[in-house]
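K.L.:
Chains as they are written, first to last, in our numbering: chain A, 1 to 242; chain B, 1001 to 1220.
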């Protein structure tokens, strides 16, 4: 479904990605782990071209999207949902409007169709009683669940999660991870950057360990967590697992 | 007439000053209105990465802010006729003041747009909204709320600067005051009253601006 080929990304002089190749099949759940500064978020943001790779190709369903013009990229982004560490709900819109805005303005759904979809998604996220609340009136966990609903409302083919629980208070992490687990059960294709190793082990079909702009090692959760081959992977895991 | 006591004298000139004040307010509202229209697009152009938008808007802002409004007013009213363009005083004033205000409002919008966290634009784009849709539905509504206080200040500044339009024969407050002065020779009283009339509008406005600023700093 997604194929990244030889992705390089430079910011000024800093080379953040140094030739990354990654393939994600339909229905697959890929979790990217690694120390901060490894390039995980940048790699994820290259998938929907929020970050333009300095070189390399991003192939979505067989088409190289790095060669597309702006409007074509917008059409691809409709199909790639994204959830951010800093949540980024639209602060001036209530929960319902946050979720219905893109389906109405981008997909051209009617208001009532969009609300129908939003209502059932928000019910599934457990926030059906907060439809008219503003983001500032919600807890961090509720906000992130609304953000997930907002992305799902576009009925994307794949979901990207960029450290979705890193900015949350500890007691709110589980409610967000639970929602993500339920998406996994539904067979959603997902790429997740996270520091939640227990969650990664549980849901991932494949774990990617990144460091210093490279993919150092990849494999099943069992291979990576129980039997890592690369020294850097061993080092990283020994620092974060106890 | 000129030794008439102050209050009866004041009452006799008040209707004229009232008309002048109306003209001043009208001039200001239309000019700042034009300024806001220019400013929305100017602000978007100023934050654009496209040289075709960024460069002209920057040049516009720098030229207008770097030259006196009086010179701009004279160029439109006295200068354009030598190019064969004759505009009535009111139209000239509104054009000059609107273009002038547009430069300041452009910078206000630029600041407002840049004050919105980058994540808002990214979230909007990740959903498939185009850059302009994201601006229209996500960035500008939030920016607009934040720039209300500086827009209020711009309105106050323009209200005072509109007194310059008295130099091109527009019967706004300042002009009316000077006409009364030259008729009655009671310069100090009349001009003091004129100044107080400006103050009577600007003071409540600046209080409102300060109040909104304080409320916003609490809610943000």
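Positions of the beta carbon are idealized from the N, C-alpha and C atoms, including for glycine.
Are residue 55/A and residue 6/A closer than 8 Å when you measure CB to CB?
P.N.:
Here residue 55/A corresponds to residue number 55 of the first chain, with the count starting at 1. Here residue 6/A corresponds to residue number 6 of the first chain, with the count starting at 1. In this structure, residue 6/A lies closer than 8 Å to residue 55/A by Cβ.
K.L.:
With 16 other CB atoms within 10 Å as the buried threshold, where does residue 1109/B fall?
P.N.:
By 1-based counting over the second chain, the position of residue 1109/B is 109. When all chains shown are included, residue 1109/B counts as buried.
K.L.:
Please confirm if residue 28/A has its CB atom under 8 Å from at least one CB of chain B.
P.N.:
In the first chain, residue 28/A corresponds to position 28, counting from 1. No, residue 28/A does not count as interfacial toward chain B.
K.L.:
With a threshold of 8 Å between beta-carbons, can residue 1114/B be considered close to chain A, or not?
P.N.:
Within the second chain, the letter at position 114 stands for residue 1114/B. Not an interface residue.
K.L.:
Closest to residue 1196/B by CA distance: which of 1055/B, 1004/B, 1014/B is it?
P.N.:
Within the second chain, residue 1196/B is the residue found at index 196, counting from 1. Among 1055/B, 1004/B, 1014/B, the Cα nearest to that of residue 1196/B is on 1014/B.
K.L.:
Kindly provide the ranges of any alpha helix (DSSP H) runs that are 4 or more residues long and lie completely inside the segment 1139-1214 of chain B, ordered along the chain.
P.N.:
Runs of the alpha helix (DSSP H) inside the segment 1139-1214 of chain B: 1140-1161, 1173-1184.
K.L.:
With a threshold of 8 Å between beta-carbons, can residue 152/A be considered close to chain B, or not?
P.N.:
Counting from one through the first chain, the residue named residue 152/A turns up at place 152. No, no contact with chain B.
K.L.:
Report buried or exposed for residue 147/A, applying the criterion of at least 16 other Cβ atoms within 10 angstroms of its Cβ.
P.N.:
Stepping through the first chain from its first residue, residue 147/A is reached at position 147. That one is buried.
K.L.:
Check whether chain B comes within 8 Å of residue 157/A, counting only Cβ atoms and requiring the distance to be less than that.
P.N.:
Here residue 157/A refers to the residue found at position 157 of the first chain. Cβ-Cβ to chain B under 8 Å: no for residue 157/A.
K.L.:
If we call anything under 8 Å between Cβ atoms a contact, is residue 144/A one with residue 63/A?
P.N.:
On the first chain, position 144 is the one that residue 144/A refers to. On the first chain, position 63 is the one that residue 63/A refers to. No, the Cβ-Cβ distance between residue 144/A and residue 63/A is not below 8 Å.
K.L.:
Is there a C-beta anywhere in chain B that falls below 8 Å from the one on residue 201/A?
P.N.:
The sequence position of residue 201/A within the first chain is 201, counting from 1. Output row for residue 201/A: interface = no.
K.L.:
Determine the DSSP secondary structure at residue 223/A, reduced to helix, strand or coil.
P.N.:
As a working mapping, residue 223/A is identified with position 223 in the first chain. Helix, per DSSP.
K.L.:
Determine the closest residue to residue 1058/B out of 1186/B, 1039/B, 1072/B, 1068/B, with distance taken between C-alpha atoms.
P.N.:
Reading the second chain from its first residue, position 58 is the one you call residue 1058/B. The shortest Cα separation from residue 1058/B among 1186/B, 1039/B, 1072/B, 1068/B belongs to 1039/B.
K.L.:
Please tell me whether residue 1141/B has its Cβ less than 8 Å away from any Cβ of chain A.
P.N.:
Position 141 of the second chain holds residue 1141/B. Interface residue, yes.
K.L.:
What residue range is occupied by the uninterrupted alpha helix (DSSP H) comprising residue 47/A?
P.N.:
Walking along the first chain from the start, residue 47/A turns up at place 47. Run containing residue 47/A: 40-47, per the alpha helix (DSSP H) assignment.
K.L.:
Can you confirm whether the segment 1052-1066 of chain B touches the segment 1123-1136 of chain B when touching is taken to mean that 3 or more C-beta pairs between the two stretches lie within less than 8 Å?
P.N.:
With a cut-off of 8 Å, the segment 1052-1066 of chain B and the segment 1123-1136 of chain B do not count as touching, because too few Cβ pairs lie within range.
K.L.:
Spell out whether any CB of chain B is found under 8 Å from the CB atom of residue 210/A.
P.N.:
As a working note, residue 210/A is residue 210 in the first chain. Not closer than 8 Å to any Cβ of chain B, the Cβ of residue 210/A fails to qualify, so no.
K.L.:
Between residue 1169/B and residue 1023/B, what straight-line distance do the alpha-carbon atoms span, to the nearest angstrom?
P.N.:
Within the second chain, residue 1169/B is the residue found at index 169, counting from 1. Within the second chain, residue 1023/B is the residue found at index 23, counting from 1. C-alpha separation (whole angstroms): 12 Å.
K.L.:
Could you tell me which chain B residues have their CB closer than 8 Å to the CB of residue 105/A, listed as they occur along the chain?
P.N.:
Taking the first chain and counting its residues from 1, one reaches residue 105/A at position 105. Result: 1129, 1133, 1137.
K.L.:
Which of helix, strand or coil does DSSP assign to residue 218/A?
P.N.:
For this step, residue 218/A is matched to residue 218 along the first chain. In this structure, residue 218/A counts as strand in the three-state DSSP scheme.
K.L.:
Tell me, which residues are paired with residue 58/A by DSSP?
P.N.:
Your numbering for residue 58/A matches position 58 in the first chain. Looking at the DSSP assignment, residue 58/A forms a beta bridge with 4/A.
K.L.:
Along chain B, in chain order, which residues have C-beta atoms closer than 7 Å to that of residue 102/A?
P.N.:
Working through the first chain from its first residue, we reach residue 102/A at position 102. Correct list: 1127, 1128, 1129.
K.L.:
Taking C-beta pairs closer than 8 Å, name the residues in chain A that residue 1072/B reaches, listed in chain order.
P.N.:
If you number the second chain from 1, residue 1072/B lands on position 72. Result: empty, since nearest Cβ-Cβ is about 36 Å, beyond 8 Å.
K.L.:
Can you pull the chain A neighbours of residue 1043/B, defined as C-beta to C-beta under 8 Å?
P.N.:
Working through the second chain from its first residue, we reach residue 1043/B at position 43. Those do not exist, as residue 1043/B stays about 17 Å from chain A at its closest Cβ, beyond 8 Å.
K.L.:
In whole angstroms, what is the alpha-carbon distance linking residue 1120/B and residue 1174/B?
P.N.:
Indexing the second chain from 1 puts residue 1120/B at position 120. Indexing the second chain from 1 puts residue 1174/B at position 174. Going from the Cα of residue 1120/B to the Cα of residue 1174/B covers about 46 Å.
K.L.:
Step through the CB atoms of chain A and report whether any lies within less than 8 Å of the CB of residue 1119/B.
P.N.:
Position 119 of the second chain, counting from 1, holds the residue named residue 1119/B. Cβ-Cβ to chain A under 8 Å: yes for residue 1119/B.
K.L.:
Listing by chain order, which chain B residues have their CB less than 7 Å from the CB of residue 116/A?
P.N.:
Taking the first chain and counting its residues from 1, one reaches residue 116/A at position 116. Going along chain B, no residue has its Cβ under 7 Å from residue 116/A, so there is no contact; the nearest lies around 18 Å.
K.L.:
Buried or exposed: residue 1031/B, going by 16 or more other Cβ atoms within 10 Å of its Cβ?
P.N.:
Taking the first residue of the second chain as position 1, residue 1031/B is located at position 31. Buried, by the Cβ-count rule.
K.L.:
Would you mind reading off the limits of the beta strand (DSSP E) that contains residue 1003/B?
P.N.:
One-based indexing of the second chain puts residue 1003/B at position 3. Run containing residue 1003/B: none; DSSP gives neither H nor E here.
K.L.:
I'd like to know if the segment 205-217 of chain A and the segment 173-183 of chain A are in contact, where contact means that at least 3 CB-CB pairs between them fall below 8 Å.
P.N.:
With the cut-off at 8 Å, the segment 205-217 of chain A and the segment 173-183 of chain A do not touch.
K.L.:
Could you tell me whether the Cβ atoms of residue 1115/B and residue 1034/B are closer together than 8 Å?
P.N.:
By one-based count along the second chain, residue 1115/B stands at place 115. By one-based count along the second chain, residue 1034/B stands at place 34. Result no, Cβ atoms of residue 1115/B and residue 1034/B do not sit closer than 8 Å.
K.L.:
With residue 15/A as the anchor, note down where its alpha helix (DSSP H) starts and where it stops.
P.N.:
The residue labelled residue 15/A in the question sits at position 15 within the first chain. Per DSSP, residue 15/A belongs to no alpha helix (DSSP H); it is in the beta strand (DSSP E), 14-24.
K.L.:
Would you kindly report the start and end of the unbroken alpha helix (DSSP H) that includes residue 172/A?
P.N.:
The sequence position of residue 172/A within the first chain is 172, counting from 1. Run containing residue 172/A: 170-185, per the alpha helix (DSSP H) assignment.
K.L.:
Return no unless some Cβ of chain B is closer than 8 Å to the Cβ of residue 74/A.
P.N.:
Within the first chain, residue 74/A is the residue found at index 74, counting from 1. True, the Cβ-Cβ gap to chain B drops below 8 Å.
K.L.:
Could you confirm whether any beta carbon from chain B is found closer than 8 Å to the beta carbon of residue 195/A?
P.N.:
Your numbering for residue 195/A matches position 195 in the first chain. So no, residue 195/A is outside the interface.
K.L.:
By how many angstroms is the C-alpha of residue 160/A removed from the C-alpha of residue 1211/B?
P.N.:
On the second chain, position 211 is the one that residue 1211/B refers to. On the first chain, position 160 is the one that residue 160/A refers to. Using only the alpha carbons, I get a separation of about 43 Å.
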